[in-house]
Amino acid sequence: MNILVCLKQILDPEIPLRDFKIDAVRCEAQRGSAGLVMNIFCANALETALQFRERHGGKITAISFGDASAEEVLRKALALRVDNAVLITRDNSGRIEPMVAARVLAAAARKLGSVDLILTGREAGDWGEGQTGGLIAEELDCPAISFVEQIAPIASNPRSLEVRRQTDNGIEVLEASPPLVLTITNHEQNVPRIAKTRDVMMAFRQPLTQWNLPELGLDPVSTSEVRAEIAALTIPQKETHCEYVAGESLEERVTAFAQRISAVLTSA
Amino acid sequence: MSNVVSCIFSWNGLDRAVLGILGCGQRLAKQVEAKHCIVLLGQSTEATLSELAGFADSIHVANHPLLVRYHIETTLTALTQACGTLQPFAILLGNDTYSQELAPRLAHRLGGSAAGDALSLEVKNGSILVNRPVYGGKALAKIALRRSPGVVWLRARAQAPAQPQEHRAEVCALTLSLQPDERIKIISQQSENTSSEVRLEDARFIVSGGRGLGGPEPFKQLQALADSMGAQMAASRAACDAGWVPPTWQVGQTGKKVAPELYLAIAVSGASQHLMGIADAKVVAAINTDRDAPIFSRCQFGLVEDYRNVVGLLQQKLSELRS
Amino acid sequence: MNRAEATRIVYWNITHIWVMYALLAPTVLIGGHGLYRHVRRWRRGQPEQRFDQPWARLNNVFRHALLQRATRRERYAGVFHTLLFWGMIVLTAATIVVLIDEDFSIRIMRGEFYLWFQSLTVDLFGVAALGGIGLAAYRRLFLKPKQLVYTREATVLLVLFFIILLTGFLLEGWRIAVTNDPWGKWSPIGYAIALVSKPIMSETLLRGAHATGWWFHLVLVFGLLAWAPYTKMAHVFTAVLNLYTMPLTPRGAALKTLDFEKTDSSLGVNSLAAFSWKDLLDFDACTECGRCTNACPANAVGKNLSPRDIILDLQRLSHSRTKLNEPLIGATPSLSEDALWACTTCAACMEACPVGISQMPKIVDMRRYLTMEKAELPETMQAAIASLEARGHPFAGAQYSRLDWAKGLNVPQRSEVKDCAVLLWVGCGGALLERNQKVIRSITQLLQKAGIKFAVLGREEKCTGDVARRLGHEFLFQSLAKENIATFERYQIKTVVTACPHCFNTFKNEYPELGSQFQVFHHTEFLEQLVREGKLNPQPRPNAKVTFHDPCYLGRHNDIYDPPRKLAGMSVKSPVFEMAQKREKSFCCGGGGGLSFVDEHPTQRVNRARAQQAVDTGADILAVGCPFCMTMMEDGVKTCQNGQSGRPMQVMDVAELLWESVHNGQIDEDKKIS
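Residue numbers (my numbering), protein chains in the order written: chain A, 1 to 268; chain B, 1001 to 1323; chain C, 2001 to 2674.
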């Protein structure tokens, strides 16, 4: 099974609210003190791929389309012993148009050849659009299944996969045949592992394939298309003011709290 | 004249979510002077059509056997065909997981733009502007869709519900040419909720637990409290990730978006990603040992205590107040 | 009778003495081989430098072996062991005197020396030794404390010693009886036995019993000497060696620094081959006394961690294994992963050990293997590591930035001033945990009041790496450390004051090996000095009872106990109430070793146990000196208050107490002036 895992590098979404600042003109978050990290769902996807390869064999290629700094994310993937890593850098900056990302990643998949499974995170922690995975499927004319938690080969039909994914009602179990795109969501079984120190030390010496857009057969028109634009970006003002329930003793405080809850329950 | 299409599949009755989508469709159609069309896929009965007839200008029905159960590729193909014939200006969907995965692909097939998690929509200079939270809920973006149709999945329950109109919708049958797609087969679609439980998104009262509970056991205590309040249980992502509770309980950016009358968060710190899931909650209250926990910034009232000292006592006090 | 000629006939009543010399050969061979095997095992270990500063090392041997200082820290065991130890020393000396007198014909066993030493002193010390055995036997057979290891070997050894000593006295007594020794009274015990035996035993019987007894006694002694190196009695040899080679640095410097340039060997320890020879010696020095497990706070709350069993299991594996690369972790229940992850690195085990074993560093060595070679550690600890890598602090989910605490205080940042006398290192706990921000504010206000020219690094601070290191991630620790050292060098920082004992310990004991060159003080040391210099004037707060919890990383790790107490004492009118477990016996708050990132089972919370001890003093205020202690104790005290009436106990940092006493005093003075 040849697995391609798409990794996105984003600004650390865990920075405290007070440190989060935006550039209202460029309509994006300011770098500030935030580090650059691998999107958590991409990390879940990578973990899913690693577990699959551990149990059932296969090869994993990690790929990232972004700024030159995205190499860090690929080095992390190499430290987790992916078989190959590919970096595709872009010329512009700012929000990556999902359509463009999908075209680039699909072209890379074609160039790599015989890719069975493409894993992406369900969405990214910056813009949270959740489109890229599905659009890659459209570009490659293959099915896509989203919000996947677990995958395993099917005993009776080794070319197929059993895919468990989350829906509003519960878990859906599907049988799917590659080639296939899966967008991965967080689950207690796919918490990203940390890398072994030796592998981290080695990761920097591993080869990294770098492609530019012409090498992928992409013209500037298709990679500069804009389907949606950020017209404005603001930080919402805090509206609520919290009343901390008071009282001399614990019992008094809980009673007061209960009264307020009861008021909402009965008036709703 | 262009069309604004509200998509409905997996019919569960005229619930708050459907009314929200239809409301948005109605208002948008009016604003751009378009026809409001409902595309209804799956088995639909006369009763269904009758219920919907008061909320749109036309209902386009496809009762294909392959659409009885949701199948991503088949449903997508069906929607593409259905919407394709209508050449819409906008296509509206809800925020269920199926809609989320369909929207971008549908937009691609129709040559349009997609956006999601919309809190509200506007139209400016012929373009749809979608207002949605981004950066884990820390910022609000206004996204301008540059291509048509604009395919948008909405926070359905946050939209003002549709108003019944005077005229009845015209019902048309859609002819779809669908083949079974063997590339994906459905093995099971199990529901984790028992039939008596309300879906979290529709729950009126919710009790939610977070990392501070430390394990699965304390959730039983919270469940008892929730049961006594007639509330549903939910949890933060940390609790779900730790395997203490099922992932269907997760509320937040990548979990359920809930809109209850009361959301009681116990030992939940309130990271912005979690707050994204309760943006539409009316009253939020919290119990947390940390007075400066971000959850309190979203609360109307709060109790700075250790939940261990409070939950049992709170349940007792609430039952006293009831009687 | 001329006292100058007082003596006794050596080998009286004994014939065929050559048999004794003949038996000496196998004794020496077998015993010697036993000792040789120990040494050979140690030599399989990695190199380590432990033979520098001989005088300091001999001093350790003098204090703890000869004077039995460490052994006497536990009263009952200290008494019986000292009696036994000194008894055996004197008896051995007496035997050497016989050897010198008889085999080398240097006639020292005469006259006053014979009477006072060889007879009286030896008898008294023999009785002392018997008394020691009696106390030890009572403890092992009747009191049965949990901390001991109950093996047949241990009981047999006790019995053996007892019989050897008893027979020694009997032989003495029977000799005195038959020879009508004129100097008999100088051996009071022997004399008493003679008095009792003479009426009931004929001379023939006495002689026969004496001869038989003598050979019996000899066989037992030689047997013991041959057998001893194969038992825990080897500690006579190994403990002395271990005390000689024990670390001369503070306990806070106990962890080894790895060189990542040379890593063909494994990172961390999961095999005997990866331990150093000193570690292997540690295993053999263990006397099975169990004090380490007794002192371990994790063990006290019921966790699976037992330092004693870790060392003894490793000892057993070291003796029994032929393949040195077999894994150690998980080889026995005591070496399980959850035992290793339960350790708070408080070093109570090291403090308690009477023979200088370093238990805690071996646990960290094994953690290093788990974290760096296998990348397997408990999930919440892993989250702390991930946070350190992504944002330079271990508190995933923290909602504060590094300078939020400084709002309104006009605190200079190092990047904005030309220089500063003192760099105040805030630390991750101080900046990012809301409760600890108040402590940092108190410290900065005190420094400002004292007129100290200080600055902070603000966003340029990265975690010192203490958490990473204790979790076994030496690689991450070194990379964080190097970044901080580079920052310090860039700003030419020479003096650092820090509010966190973990930061303090890492700066003081662990950074120098990586190239740092600055002085560091814990805030309590620094503030206490300011008070002594008159730069701060605390006015004691009346009617507040204060108790103080010694932070492990300040106290046991660095032997700093007095400055924080003094500060607490200066801030209130009454003296500091001490908990029973104080100073070097302080009971860990449970937050070290990465444990503050773990949700412990409710029945196994170290902090709750310690909080109960604090609450039991009846004090109003629990003073602490560490952000981890602050968090753990506040949490612990809350659970103790459950169901208790009376005023809740407040947890405050010593700096907060001091600031209140300085600050309020100032206000009072102003009032006086107006």
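Note that the Cβ used here is the ideal one computed from N, Cα and C, for glycine as well.
Within chain B, partners of residue i - CB distance below 7 Å
i                  : result
Lys2638 of chain C : Asp1306
Val2604 of chain C : This sequence places Gln at residue 2604 of chain C; Val is not what is there. The premise fails here: Gln2604 of chain C is roughly 12 Å from chain B at the closest Cβ pair, so nothing lies under 7 Å.
Bridge partner(s) assigned by DSSP for residue i
i                  : result
Met2649 of chain C : DSSP output for Met2649 of chain C lists no bridge partner at all.
Trp1153 of chain B : B:Leu1093
Lys1256 of chain B : B:Val1251
Val1130 of chain B : B:Leu1121, B:Ile1143
His1060 of chain B : B:Val1039, B:Cys1172
Trp2425 of chain C : C:Thr2498
Cys1329 of chain B : With chain B running from 1001 to 1323 in the structure shown, residue 1329 of chain B is simply not present.
Val86 of chain A   : A:Ile63, A:Thr209
Tyr2150 of chain C : Note: Tyr2150 of chain C sits in no beta bridge, so no partner.
Asp23 of chain A   : A:Glu28
Alpha-carbon spacing of residue i relative to residue j, whole angstroms
i                  : j                  : result
Phe2142 of chain C : Ala1285 of chain B : 59 Å
Lys2671 of chain C : Pro2563 of chain C : The predicted model places Lys2671 of chain C with a pLDDT of 34, which falls under 50 and marks its position as unreliable; any figure quoted below should be read in that light. Distance between the alpha carbons of Lys2671 of chain C and Pro2563 of chain C: 31 Å.
Gln2315 of chain C : Asp168 of chain A  : 56 Å
Val245 of chain A  : Phe1301 of chain B : 7 Å
Pro2354 of chain C : Leu2248 of chain C : 15 Å
Tyr2244 of chain C : Leu2067 of chain C : 14 Å
Asp1280 of chain B : Ala1156 of chain B : 11 Å
Tyr2230 of chain C : Gly2034 of chain C : 6 Å
Leu140 of chain A  : Leu1079 of chain B : 20 Å
Ile1166 of chain B : Val1039 of chain B : The sequence as given places Glu at residue 1166 of chain B; Ile does not occur at that position. Distance between the alpha carbons of Glu1166 of chain B and Val1039 of chain B is about 20 Å.
Ser1148 of chain B : Gly1112 of chain B : 4 Å
Pro2512 of chain C : Thr2495 of chain C : 14 Å
Ala2156 of chain C : Phe2080 of chain C : It is worth fixing the name first, because residue 2156 of chain C is Val in this sequence and not Ala. Whole-angstrom Cα-Cα distance: 17 Å.
Lys2232 of chain C : His2038 of chain C : 12 Å
Close-in-space but distant-in-sequence residues of the same chain around residue i (CB under 6 Å, 5 per side omitted)
i                  : result
Asp83 of chain A   : Lys59, Ile60
Cys2595 of chain C : Note on residue identity: the sequence assigns Leu, not Cys, to residue 2595 of chain C. The answer, listed in chain order, is Thr2344.
Amino acids of chain B, ordered along the chain, whose beta-carbon sits closer than 9 Å to that of residue i
i                 : result
Asn186 of chain A : Arg1237, Cys1240, Asp1241, Pro1247, Gln1250, Thr1254
Glu47 of chain A  : Within chain B, no residue comes near Glu47 of chain A; the closest Cβ sits about 12 Å away, beyond 9 Å.
Other residues of its chain near residue i: CB distance less than 8 Å, five sequence neighbours each side excluded
i                  : result
Pro2327 of chain C : Asn2270, Ser2271
Ser1002 of chain B : Val1032, Ala1034, Lys1035, Gln1087, Pro1088, Phe1089
Arg2069 of chain C : Arg2063
Ile2667 of chain C : Low confidence applies to Ile2667 of chain C: its pLDDT is 40, below 50, so where it sits in the model is not reliable enough to give any reading.
Ser2645 of chain C : Here Ser2645 of chain C scores only 48 on pLDDT, less than 50, and its place in the model should not be relied on; the value that follows carries that caveat. Excluding positions up to five away in sequence, the list is empty.
Contacts around residue i, its chain only, beta-carbon distance under 7 Å, and the 5 residues preceding and following it disregarded
i                  : result
Lys2407 of chain C : none
Ser2574 of chain C : Lys2545
Met2001 of chain C : Pro2182
Phe2577 of chain C : Lys2545, Val2546, Thr2547, Thr2617, Ala2619
Listed by chain order, chain A residues near residue i by CB distance under 7 Å
i                  : result
Ala2396 of chain C : Glu14
Contact set between residue i and chain C, taken where Cβ atoms lie within less than 8 Å
i                 : result
Ala195 of chain A : Ala2375
Closer than 7 Å at the beta carbon, the chain C residues around residue i
i                : result
Gly35 of chain A : Ala2390, Arg2391
Contact list for residue i against chain B, beta-carbon separation under 8 Å
i                 : result
Gln166 of chain A : Thr1097, Pro1247, Thr1248
Residue i: contacting residues in chain A (beta-carbon distance under 8 Å)
i                  : result
Arg2459 of chain C : Ser33
Contact set between the region 240–253 of chain A and chain B, restricted to residues whose Cβ is under 9 Å from the partner:
Thr240, His241, Cys242, Glu243, Tyr244, Val245, Leu250, Glu251, Arg253
Closer than 7 Å between beta carbons: that is the criterion. Which residues of the region 1128–1148 of chain B meet it against chain A?
Leu1129, Val1134, Tyr1135, Gly1136, Lys1138, Ala1139, Leu1140, Ala1141, Lys1142, Ile1143, Ala1144, Leu1145, Arg1146, Arg1147
Please list, in chain order, the residues of the region 115–126 of chain A that have any C-beta partner in chain B closer than 8 Å.
Arg122, Glu123, Gly125, Asp126
Short-range partners of chain C found in the region 1260–1274 of chain B, where Cβ spacing is below 7 Å
Ser1269, Ala1271
What are the residues of the region 1231–1245 of chain B that lie near chain A, defined by any Cβ-Cβ distance shorter than 8 Å?
Arg1237, Cys1240, Asp1241, Ala1242, Gly1243
Residues from the region 200–231 of chain A in contact with chain B, defined by Cβ distance under 8 Å:
Val226, Arg227, Ala228, Glu229, Ile230, Ala231
Short of 8 Å Cβ to Cβ, which residues in the region 7–28 of chain A face chain C?
Asp12, Glu14, Ile15, Pro16, Leu17, Arg18, Asp19
Using a Cβ cut-off of 7 Å, which residues of the region 151–164 of chain A contact any Cβ in chain C, in chain order?
none
Members of the region 1056–1081 of chain B that neighbour chain A once the beta carbon cut-off is set at 7 Å:
Ile1072, Glu1073
Chain B contacts from the region 2410–2443 of chain C (Cβ-Cβ distance under 7 Å):
Glu2434
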